[in-house]
Amino acid sequence: MAFISLNQIIKGQLYWCLWAIALLIFISCSKQRTEFFISPSGNDQHSGSITQPLATLEAARNAIRAAKDKNGASSNIGYKVYLREGDYPISSSFVLDERDSGTDSIPVIYSAYQDETVSIHGGHTLPPENFKLVTDPLILERLPKKSRSQVMQINLKDIGISEYGKILQSGMGFPDVASTPELFFDKKAMPVARWPNTGYLNIAEIVDPGTAPRLYQPDIVPSDPDYVPPDKRDDPWRGFVFEYLEDRPNRWTNAEDIWLFGYWYWDWADGIVQVSKIDTAKKEIKTLQPSWYGVRKNQRFYVFNLLEEIDTPGEWYLDRKTGILYFYPPSEIENIDIKLSMLEAPLVVMSESQNIRFEKMVFEVSRGHGIQILNGIDNLIAGCIFRNLGRKAVVIGNDNPENHDPSVDSGFNGVRSCQIYDTGKGGVSLGGGNRQTLTPGGNFAENNHIHHYSRLQKTYTEALLLYGVGNRVSNNLIHDAPHSAIRFSGNDHIIEYNEIHHVNQEVDDAGAIYSGRDWTYRGNIIRYNFFHHIEGLHGRAGVFGIYLDDAMSSVEAYGNTFYKVARAIHIGGGRDHKIQNNVIVDCEESIGYDDRAYQLDPWFAGHMDPDKGTLFLQLRKVPYQSKVWQSHYPKLATILDNQPGVPSGSIIENNLLYRTQPFILADIVIEKSIIRNNLLIDPEDDPGFADIEALDFKLLKDALVYQKLGEFEEIPFEKIGISNNNF
1 MAFISLNQII KGQLYWCLWA IALLIFISCS KQRTEFFISP SGNDQHSGSI
51 TQPLATLEAA RNAIRAAKDK NGASSNIGYK VYLREGDYPI SSSFVLDERD
101 SGTDSIPVIY SAYQDETVSI HGGHTLPPEN FKLVTDPLIL ERLPKKSRSQ
151 VMQINLKDIG ISEYGKILQS GMGFPDVAST PELFFDKKAM PVARWPNTGY
201 LNIAEIVDPG TAPRLYQPDI VPSDPDYVPP DKRDDPWRGF VFEYLEDRPN
251 RWTNAEDIWL FGYWYWDWAD GIVQVSKIDT AKKEIKTLQP SWYGVRKNQR
301 FYVFNLLEEI DTPGEWYLDR KTGILYFYPP SEIENIDIKL SMLEAPLVVM
351 SESQNIRFEK MVFEVSRGHG IQILNGIDNL IAGCIFRNLG RKAVVIGNDN
401 PENHDPSVDS GFNGVRSCQI YDTGKGGVSL GGGNRQTLTP GGNFAENNHI
451 HHYSRLQKTY TEALLLYGVG NRVSNNLIHD APHSAIRFSG NDHIIEYNEI
501 HHVNQEVDDA GAIYSGRDWT YRGNIIRYNF FHHIEGLHGR AGVFGIYLDD
551 AMSSVEAYGN TFYKVARAIH IGGGRDHKIQ NNVIVDCEES IGYDDRAYQL
601 DPWFAGHMDP DKGTLFLQLR KVPYQSKVWQ SHYPKLATIL DNQPGVPSGS
651 IIENNLLYRT QPFILADIVI EKSIIRNNLL IDPEDDPGFA DIEALDFKLL
701 KDALVYQKLG EFEEIPFEKI GISNNNF
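Residue 110 in this note's numbering sits at position 110 of the sequence shown, and the numbers go up by one each step.
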């Protein structure tokens, strides 16, 4: 046997290290990168050098295309576009396609230069010097007395703006449309004049409920208590009439284009409708459109888009007939950046592109999305800021999960280390993967800070939306929002290491992480997330940390920590869940699990109809008995043979409860599921957390749970949330 000395080993390792270094140097030298520069003071006829910068993104894109044509598609040359400091207003989407792609080893990069601030926006700058105090007696008479000396006006036609956009009905159940133009003052969205200025009014009485379009949908069946027979159906788009109590509308006799925002029927479904008529004698308001679910007495609403209600600094109103914008500035306007959002389309559209990166830029002041990636692969958005947008920050895939086409998928695209706030309709949408074949999409959102989102549409416009198959959200910090933080549909998604707090602030019956009404959404994992201070509209157990609604099935939720959440987890009658190794502290309620699909509650019975019920319709949309589906989810293949409404097959075990209530479980759940080895620690005992007051729930090595619950696994609490790592 030959022996090798330590000295020989060290020499051999040194040789291989030197060889590897030489190889890396060779590779890096062979991967040349051509740089182009853009500047607000540039010229598209320039060369694109740092001293002769271009002016537009399109010019830089075209320069890269020309260079590729010259160098050849197979060349080992990369391209990077640097944007110098300043504003880059655009009037149409910046579009990239397959011609603009990079390679796996050398992506094409668009980036701010060094630490300079770069803003890509779809707005029109309103010159402060063009604002003048209102002097028209007729307008002054309509304004509140206390603000008449403060309100200013600008004629948009004088600065070349002649298109003002319309306010369109939107909200729960209705198409997602671009927002109406918004006014931004010193980088902050200004409120359209409304009454009341904060909070809501309540409907006094219903005079005519109008119609509820939801009741005309194909899944409404005769067993539904709200079913309307075809021969008795009215126009599904007839508005409603209600009584109000206050005298304020007496001042609005000259107002036109008045709109209402409200939670018209449910406290988890918002929408805006236009006023058709106000009868001040009867104190009645008639709407032009219906609400999706109809309308009920005592529900919340406010009135907006009223010149007569500009009574608070920041409020504004646009007269679309004259083109005059009226504004009560919150401070002196000299040298202040004032913009009106104009662009409806996304600021950037990447269609069938690959290996493109956007870094360190601000995307803002637009009526649509920030960036949309359609059928793209390996694209990355990193270190960017998205704010003051009318819709979402980033959309990967289709706008709407219901319109997901698995033949046109985006894969392995990501949003990393971005700040997203003050958006109109949510944060990031991750759509990808093929549900027919269960091929994963591999899209991800990680290490992002998303907060104060959903300014315009409050519900079902969450910070993170996942659909399709095999996408991931991790290490995000999400807070301060009216409704959910994360919503998912589809299969095999991973939701991990996120910190979520102060969401669901305006709603009831909602989850910080939510999915519902589908047996086929299987293989999803929710692990190592931290939920805290989520108490909902009424401060009671009407909102949940994790909400698996309406028979949604087969989720693994483990290693999560809940602190001061109204109810930590609620399962709405589904099957085959695994709820394990979670920590629940100072929550009003811990885990609830009902039997709505088994008892066939009247409001839910329609969804269990074998012919038209939602659960059966969704089941038939996927090949759940195919070989690939059976291998992934064997229990789903035989679900119709095993009393599908029975909440069976779930496991709830090894969970730690402290200063909270025991589980609330339906009898059939206890009978048909496994409930074992859960520990409720006495309030007088010390569970062994590092520091509850500092929100550090890492368990010490001698923690009581390890002594009493031997199978409890350590939670890597220190890894939860965003980090300061580079992108």
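Cβ atoms here follow ideal geometry from the backbone N, Cα and C, with glycine treated the same way.
Quantities reported herein were computed from a predicted structural model and do not represent experimental measurements.
Annotated three-state conformation of Y302 is strand, per DSSP.
P716 sits in coil when the DSSP states are folded into three classes, being neither helix nor strand. Residue range 567-571 is occupied by the beta strand (DSSP E) that includes H570. The beta carbon of N298 lies closer than 7 Å to those of N202, I203 in the same chain, with the five residues before and after it left out. In the same chain as N529, and ignoring 5 residues on each side of it, the C-beta atoms closer than 6 Å to its own belong to N498, N560, in chain order.
When C-beta atoms of the segment 171-178 are compared with those of the segment 284-294, three or more pairs fall below 8 Å, so the two segments count as touching.
Around the beta carbon of S75, fewer than 16 other beta carbons lie within 10 angstroms, which makes this residue exposed. A direct Cα-to-Cα measurement between T459 and K425 gives close to 9 Å.
Contact annotation: N678 and L665 have beta-carbon atoms that are not nearer than 8 Å. Taking the Cα positions, R596 is about 36 Å away from I692.
Secondary structure at Y216: helix, using DSSP grouped into helix, strand and coil.
Counting only the Cα atoms, N335 lies some 19 Å from W316. Counted as a single uninterrupted DSSP element, the stretch harbouring F727 is not any beta strand (DSSP E), since DSSP gives it neither H nor E. For P137, the enclosing alpha helix (DSSP H) covers residues 137-142. With contacts defined as CB atoms closer than 8 Å, G432 and A393 fail to qualify as a contacting pair.
When rounded, the separation of the alpha-carbon atoms in V503 and G536 is 8 Å. Around the CB of R540, fewer than 16 other CB atoms lie within 10 Å, so the residue is classed as exposed. Per the DSSP secondary-structure output, L57 pairs with nothing in a beta bridge.
The DSSP assignment places complete beta strand (DSSP E) segments of no fewer than 3 residues inside the segment 500-567 at 510-516, 524-527, 530-534, 543-549, 555-558, 561-565, in order along the chain. For H121, the closest of Y547, S93, P196 by C-alpha to C-alpha distance is S93. Non-local beta-carbon contacts of N155 in its own chain, meaning distances under 7 Å to residues more than five positions away in sequence, involve G323, I324 in chain order. CA-to-CA, the gap between E308 and T280 works out to about 15 Å.
Bridge partners of F184 according to DSSP: A189, K339. T287 is bridged by DSSP to V275.
Residue state for S650 is assigned as coil, using DSSP reduced to three classes. Taken through DSSP and simplified to helix, strand or coil, Q707 comes out as helix.
Of the residues T211, N379, K188, A637, the one whose Cα lies closest to the Cα of P313 is K188. Assignment of H632 by DSSP, reduced to helix, strand and coil, places it in the helix class. Closest by C-alpha distance to E364, out of F386, P346, N379, I373, is F386. Annotation: the continuous alpha helix (DSSP H) that includes P602 extends over 602-605.
A Cβ-Cβ contact shorter than 8 Å links N447 with R416. For I90 and A59, the gap between their C-alpha atoms comes out near 13 Å. Non-local C-beta neighbours of G523 in its own chain, meaning closer than 6 Å and more than five positions away in sequence, comprise N491, D492, ordered along the chain. Between L600 and M608, the CB-CB gap stays under 8 Å. The beta-bridge partner set that DSSP reports for W316 consists of V192, F327. T614 sits in a helix when the DSSP states are folded into three classes.
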